[in-house]
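Just so we're aligned, residue 112 is where the sequence shown starts under this note's numbering, counting upward by one.
Here a beta-carbon is modelled for each residue, glycine too, at the ideal position from N, C-alpha and C.
Take a look at the structure below.
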Amino acid sequence: MTSLSAFWFSRTGSIVANHMIAWDPVEIVRCVPDLDAATLRGLEGRAMLVQRCERIDVECVVRGYLTGSAWEEYRRTGAVAGVALPPGLRNGDALPEPIFTPATKAASGHDTNITYADLIERVTFAATHAALCGLILADTKVEFGRRAGRVLLIDEAFTPDSSRYWDAGSYPQSLLPFDKQYVRDYLNAIGWNHDPPVPTLPAEVVAATRERYLETYRRLTGQELG
């Protein structure tokens, strides 16, 4: 997750500012000399130095395809987040335009805000890159924080935990997941009622999920995760 977030933060920072300062161990030690370099080397690829931000308690999802909870809402109402959609759409269909669906309403303030256009540009950039790598970026979650009057993207960026990726070669016949949907599908198949605790996952499900995450990283970055 850390390596893939760093990949995306680096490539989209010119579109929307984010909280990442450094993620390479050498750069982190250069920024924070008091850190133990030997210890940090053991965290290579799993540690990131970021700006401390005040988290804005709102989760924002940008959807380019009709699936998941958006599909269920469309089946009930013919709309998603109040946006009316054409009749007859199917699960997995591309939306006419991306839909922005915040989970809660952010408090107003005097911050320098990220515009809707900036956010869509960032997601479009990522979706275009993913398409070149044989993946469809169906939707993604983003989170924001405040620092010195600015709003920054925080947390993670376009990871299989925060985003829905499908194999482009299998679409539209199959919505083959390269994200945590694989785990959701298993839990639904065994009849889990979504109340805690989460059932223990079999070793084969863990291994298959890990391989999907690694394949997502390989496709998007063109590199092996060491």
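- The Cβ atoms of Thr-123 and Phe-289 lie no closer than 8 Å to each other.
- Taken through DSSP and simplified to helix, strand or coil, Ile-301 comes out as coil.
- A direct Cα-Cα distance of roughly 6 Å separates Tyr-324 from Pro-271.
- Taking the CA atoms as reference points, Gly-280 sits about 24 Å from Phe-118.
- Residue nearest to Arg-157 within the set Arg-330, Asn-129, Thr-113, Phe-269 is Thr-113 (criterion: CA-CA distance).
- A straight line joining the alpha-carbon of Val-173 with that of Glu-138 spans about 32 Å.
- Cβ neighbours of Ala-133 within its own chain (closer than 6 Å, five residues either side excluded): Ile-139, Cys-142, Leu-160.
- The alpha-carbon of Leu-286 is positioned some 10 Å away from that of Arg-275.
- Taken through DSSP and simplified to helix, strand or coil, Gly-256 comes out as strand.
- For Gly-175, the enclosing beta strand (DSSP E) stretches over residues 165 to 176.
- Residue environment: Gln-292 is assigned as buried (16 or more neighbouring CB atoms within 10 Å of its CB, all protein chains considered).
- Inter-residue distance for Thr-188 and Thr-150 is about 53 Å (C-alpha atoms, whole angstroms).
- For Thr-212, the pairing in a beta bridge is given by DSSP as Val-172.
- In this structure, Leu-331 is the residue among Asn-129, Arg-186, Leu-331 with its C-alpha nearest to the C-alpha of Thr-239.
- Annotation: the continuous beta strand (DSSP E) that includes Tyr-276 extends over 274 to 278.
- Distances from the alpha-carbon of Glu-165 to those of Pro-307, Tyr-227, Asp-266 put Asp-266 closest.
- Residues Leu-177, Tyr-185, Gly-189, Ala-190, Leu-206, Pro-207 of the same chain have their beta carbon placed closer than 8 Å to that of Leu-196, with the five preceding and five following residues left out of the count.
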